[in-house]
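Each residue of the sequence shown is one higher than the one before, starting from 8 at the first, in the working numbering.
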Amino acid sequence: MHTLSTRMWGFTHDVLPTPSTSEAASDGVSVAASEEAALASLSASFPHIVRMALTAPGAAGGCDADAEFRFALDILLEAFEQRRLSGWSSTEGR
C-alpha cells in the first residue's frame, strides 16, 4: 500500500500516527490512553483501514521499516536496470 510513500523524499513516515511519550506526558494523559483515543478517532473515520492494519500479519509488531525500505529499493533498482537494458535514455526527445 505504501511501497514508495515518503521514501522518495528520503524518509519513512508512520502509516498511522502514534503519539510520542512527551506529547502524552505534557497533556497529563498516559501513552496507552492517548494511543487508544487516536485509534478510536481513526476507527470512526476509517474503519476498514484500521481493521486491516490491526488484523494484518505482524500487526502487533508494527512495520519493519528497514525491510520495507529494502523492498522499495529493490523495486526501483530493478525498474532502472530494465530501462537501462532496453536502451532508454533520459535525454531522448530533447
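Here a beta-carbon is modelled for each residue, glycine too, at the ideal position from N, C-alpha and C.
Note down, in chain order, each residue of its chain lying with its Cβ closer than 7 Å to the Cβ of residue i, except the 5 sequence neighbours on either side.
| i | result |
| --- | --- |
| LEU11 | ALA79 |
| MET8 | Unreliable positioning characterises MET8 in this predicted model, as indicated by a pLDDT of 47, which lies under 50. The coordinate reading is nonetheless provided below. Closer than 7 Å at the Cβ level, and outside the excluded window around MET8, lies no residue. |
Please classify residue i: does DSSP put it in a helix, a strand, or coil?
| i | result |
| --- | --- |
| TRP95 | coil |
| PHE18 | coil |
| ASP73 | helix |
| MET8 | Low per-residue confidence applies at MET8: pLDDT is 47, beneath 50, and the placement is therefore not dependable enough to give any value. |
| ALA60 | helix |
| SER48 | helix |
| PHE53 | coil |
| SER37 | coil |
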